[in-house]
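Going by this note's numbering, the sequence shown runs without a break in its numbering and finishes at 83. All C-beta atoms, glycine included, are put in the ideal place defined by N, C-alpha and C.
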Amino acid sequence: MGIARSTYYRWKKKFNPRNLQSLGDRSRRPKKVRKPQWT
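Below, the structure written as structure tokens:
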């Protein structure tokens, strides 16, 4: 293969055979961002 082993395992973990779009790029932004609490 012409890719790094870590890349292969990352893709393998993301792959969903029922959804071919699962290998597409996703946002790297966290889903939840803490808002600072002012006390």
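Distance, residue j Cα to residue i Cα
i, j, result
"threonine 51", "threonine 83", "44 Å"
"proline 61", "arginine 72", "22 Å"
"tyrosine 23", "glycine 46", "With the chain represented from 45 up to 83, any question about residue 23 goes unanswered, as that position is not in the structure."
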